[in-house]
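Each remark here refers to the structure printed beneath this line.
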Amino acid sequence: MSKQSSEADAEWSRLYIDGEWTGPSSGETIPVENPATRETVAEVPAATEDDVDAAYEAADAAQPEWEALGREKRNELVGAMLEEFESRFAEVVDLLVREGGSTQGKAGQEATIGMVDFQTALEVAPPEEEVRDSQFFEDKKHHIVYEPVGVVGVISPWNYPLHLTTRALAPALALGNTVVVKPASDTPVTGGLLMAKIADEVGLPDGVVNVVTGKGSEIGDRMAGHPIPRTVSFTGSTAVGKRVASQAGNGIALPALELGGNGPNVVTADVDVEQAAKVGAVGSFTHQGQVCISINRHIVHEDVYDEYVEHLVEHAESLTVGNPAEDGVNFGPVINETQRDDLVEYVEETVEAGATLETGGDHDGLFFEPTVLSDATNDMAAACNEHFGPVAPVIEVSSTEEAIELANDTEYGLAGAVQCRDLDRARELANQVEAGMVHINDHSIQDEPNAPFGGMKESGLGRYNGEWVVDEMVEPKWISVQHEDRDYDLLE
31 MSKQSSEADA EWSRLYIDGE WTGPSSGETI PVENPATRET VAEVPAATED DVDAAYEAAD
91 AAQPEWEALG REKRNELVGA MLEEFESRFA EVVDLLVREG GSTQGKAGQE ATIGMVDFQT
151 ALEVAPPEEE VRDSQFFEDK KHHIVYEPVG VVGVISPWNY PLHLTTRALA PALALGNTVV
211 VKPASDTPVT GGLLMAKIAD EVGLPDGVVN VVTGKGSEIG DRMAGHPIPR TVSFTGSTAV
271 GKRVASQAGN GIALPALELG GNGPNVVTAD VDVEQAAKVG AVGSFTHQGQ VCISINRHIV
331 HEDVYDEYVE HLVEHAESLT VGNPAEDGVN FGPVINETQR DDLVEYVEET VEAGATLETG
391 GDHDGLFFEP TVLSDATNDM AAACNEHFGP VAPVIEVSST EEAIELANDT EYGLAGAVQC
451 RDLDRARELA NQVEAGMVHI NDHSIQDEPN APFGGMKESG LGRYNGEWVV DEMVEPKWIS
511 VQHEDRDYDL LE
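Mapping the sequence shown onto my numbering, position 253 (from 1) lands on 283, and the numbers just tick up by one.
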């Protein structure tokens with residue numbers, strides 16, 4: 031067996047709780063399928079609510095000692111995880127390709143971002159202790175300090191399973207919290223069990239990292255609503271995110287949510303059309319469109335509309351569809367039948383409503399063709415829904431004012447893009463787009479550690495990355511000190 035395939039073929043049939051690899055209390059497993067070949071690549075545990083309880087209890091018991099280790103020692107251990115991660119880079123890429131249908135380019139990029147998550151975590155820190163004078167009493171000081179929230183629950187999705195776990199896991203650990211991870215059932219290895227193996231091999235104390243795998247329908251409510259965690263990090267659809275937020279609220283936990291998107295790409299008349307279409311193609315077709323921050327709608331000025339559609343079709347038809355494990359393939363499968371069937375329905379409904387199918391629209395198994403729809407309107411199925419696939423509806427507008435109105439005519443507000451050579455005008459338009467992240471003369475699939483990542487409206491609460499994620503992982507504490515005796519008169 032080759033070194034690259036050895037990790038992908040490893041045994042993943044146990045949970046990781048309190049430093050031990052243990053079978054689920056149900057005794058059952060869930061098959062994990064390679065979406066390109068439909069072969070089973072692993073059998074993972076089907077955890078129960080009792081397993082979730084055990085994981086949270088282990089994390090809760092371990093947290094005080096983990097915090098007491100101090101930042102220097104914690105950084106040594108988190109740094110050791112990074113080193114182990116780096117040593118496994120090729121294996122991690124192979125796992126992302128086989129388990130999640132990632133192309134090799136996307137898998138390599140995700141693995142790199144995952145490592146950057148650990149590197150950034152080693153540097154993030156809460157605000158320094160601040161001392162303030164009392165506004166009411168002399169000789170009294172206020173000390174504002176920041177402490178770890180305690181236990182963090184992480185519920186991660188299948189599209190970028192590694193990064194969307196590590197972006198919460200790594201800073202949580204470095205800041206003194208312990209963690210319980212529930213990865214998506216489509217990608218439980220790269221979304222959780224792999225990190226458990228790394229934590230185990232570098233010798234993290236028992237209970238600091240715990241991973242439970244299972245179906246969200248069976249253990250999701252318990253993960254989100256458990257009384258132990260103080261922060262619950264969730265990435266996924268808005269519909270499920272609302273349920274997670276409700277459950278977390280019942281447990282008095284902070285919901286840190288990155289939810290759905292319906293990203294607009296506003297293309298003005300002032301563009302290099304070929305370049306703008308290339309940007310749009312990357313934004314719509316990366317990872318088969320299965321990205322929360324992908325371009326869902328191309329809103330294009332009428333002066334360049336026809337040419338833009340023509341170039342977008344050329345880019346779509348230039349992609350090589352196939353098993354992403356094979357060299358030269360840059361477009362793989364969608365994750366499962368449910369996702370594929372939703373895409374078929376969205377395209378059919380959009381064409382029935384009057385859009386023109388320029389290219390694509392068909393599928394072979396889970397390989398759904400890159401699809402371009404012209405003559406689309408903002409209320410058509412492929413445009414008004416987060417279709418989460420390789421579908422590019424192109425909407426014609428007569429002015430930038432109309433473009434902004436349509437861009438904001440959605441309940442979502444995660445990410446967007448503006449294409450315009452006049453940078454002052456582009457910035458004006460970007461300011462008007464109601465989204466947490468807007469990118470000028472670039473596509474919207476951007477994520478960097480020194481910029482806040484998150485959405486507005488129904489696209490989430492809170493922010494990830496750098497100093498912004500600290501707010502989700504620590505909480506302020508006020509300690510006041512009265513330095514001299516003072517008179518205390520009872521209030522009349």
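Each residue gets a CB set at the ideal place from its N, CA and C atoms; glycine is no exception.
Quick caveat, the model's predicted, so the values are computed rather than measured.
(request) Please determine, among Glu106, Glu140, Lys103 and Glu426, the residue with the shortest C-alpha to C-alpha distance to Ala120. (result) Glu140
(request) From the DSSP output, in three-state form, read off Phe115 for me. (result) helix
(request) Just the C-alpha distance for Val321 and Gly419, rounded to the nearest angstrom, thanks. (result) 8 Å
(message) So that I know if they touch, is there some Cβ in chain B lying closer than 8 Å to that of Gly183?
(response) Of the chains in the structure shown, none is chain B; there is only one protein chain.
(message) Please give me, in chain order, every unbroken run of the alpha helix (DSSP H) with length at least 4 that falls completely inside the stretch 395-431.
(response) 411-414
(message) When you compare the CB positions of Tyr442 and Glu416, do they come within less than 8 Å of one another, or not?
(response) yes
(request) Taking all protein chains shown into account, decide if Tyr494 is buried (16 or more other Cβ within 10 angstroms of its Cβ) or exposed. (result) buried
(request) Please state whether DSSP places Arg162 in a helix, a strand or coil. (result) strand
(request) With Ala202 as the anchor, note down where its alpha helix (DSSP H) starts and where it stops. (result) First-last of the alpha helix (DSSP H) with Ala202: His193 to Ala204.
(message) Whole angstroms are fine: how far does the CA of Met111 sit from the CA of Leu152?
(response) The alpha-carbon separation between Leu152 and Met111 amounts to approximately 11 Å.
(message) As a quick exercise: from Val179, Glu73 and Ser132, pick the residue whose alpha carbon is nearest that of Trp188.
(response) Ser132
(message) Let me check understanding here. Comparing Cα to Cα, which of Ser429, Leu126, Glu502 and Glu87 lies closest to Asn64?
(response) Leu126
(message) Do Lys245 and Ile60 have their beta-carbon atoms positioned less than 8 Å apart in this structure?
(response) Contact: yes.
(message) Less than 8 Å between the beta carbons of Val161 and Lys171, yes or no?
(response) yes
(message) For the stretch 73-91 against the stretch 233-249, do three or more pairs of beta-carbon atoms, one drawn from each stretch, fall closer than 8 Å, so that the two count as touching?
(response) The answer is yes - the stretch 233-249 touches the stretch 73-91, with three or more Cβ pairs under 8 Å.
(message) With distance defined between alpha-carbon atoms, name the residue in Asn207, Ala311 and Phe115 nearest to Gly100.
(response) Asn207
(message) So, under 8 Å CB-CB, Tyr46 and His256 are touching, yes? Tell me the CB distance rounded to an integer number of Å.
(response) Tyr46 to His256, Cβ: 17 Å. No contact.
(request) Go ahead and label Trp42 buried or exposed: buried means 16 or more other beta carbons lie within 10 angstroms of its beta carbon, across all protein chains shown. (result) buried
(request) Tell me whether Phe167 sits in a helix, a strand or coil according to DSSP, three-state version. (result) coil
(request) Going by CA-CA distance only, name the one from Val238, Pro54, Thr195 and Val301 that's closest to Ala1. (result) Only positions 31 to 522 of the chain appear in this structure, which leaves residue 1 out of reach.
(message) Based on DSSP bridge pairs, tell me the residues matched to Asn326.
(response) Paired residue(s): none; Asn326 is not in a bridge.
(request) Assuming Leu107 contacts Gly144 (C-beta within less than 8 Å), just tell me the rounded distance between them. (result) With 8 Å as the limit, Leu107 and Gly144 do not qualify as a contact, their Cβ atoms being about 17 Å apart.
(request) Return the CA-CA distance between Pro201 and Arg457, expressed in angstroms with no decimal places. (result) 32 Å
(message) On the DSSP letters alone, give me the boundaries of the beta strand (DSSP E) that Thr261 sits inside.
(response) Thr261 -> beta strand (DSSP E) spans Thr261 to Thr265.
(message) Out of Gly490, Asp454, Ala445 and Cys450, which one is the CA nearest neighbour of Gln476?
(response) Ala445
(message) Quick check on the burial criterion: 16 or more other C-beta atoms within 10 angstroms. Buried or exposed for Glu95?
(response) exposed
(request) Note down, in chain order, each residue of its chain lying with its Cβ closer than 7 Å to the Cβ of Gly484, except the 5 sequence neighbours on either side. (result) So the list reads Glu288, Gly466, Gly490, Gly492, Arg493 and Tyr494, once near-sequence residues are dropped.
(request) Pick out whichever of Asp357, Leu203, Glu399 and Gly281 has its Cα sitting closest to the Cα of Glu102. (result) Leu203
(request) Determine which residues share a DSSP beta bridge with Trp508 and list them. (result) Ile174
(request) Report the three-state DSSP secondary structure of Leu284 (helix, strand or coil). (result) Correct three-state label for Leu284: strand.
(message) Which same chain residues end up closer than 7 Å to Asp333 when comparing Cβ atoms and leaving out the 5 residues on each side of it in sequence?
(response) Ala299
(message) Can you tell me whether Val377 is helix, strand or coil according to DSSP?
(response) helix
(message) What would DSSP say about Tyr494, mapped onto helix, strand or coil?
(response) strand
(message) Can you look up Pro218 in the DSSP assignment and give me helix, strand or coil?
(response) helix
(request) On a CA-only basis, which of Met486, Gly390, Ala383 and Val364 is nearest Leu396? Give me that one, please. (result) With distances taken between Cα atoms, Leu396 lies closest to Val364.
(message) Based on DSSP bridge pairs, tell me the residues matched to Asn189.
(response) Looking at the DSSP assignment, Asn189 forms no beta bridge with any residue, so it has no partner.
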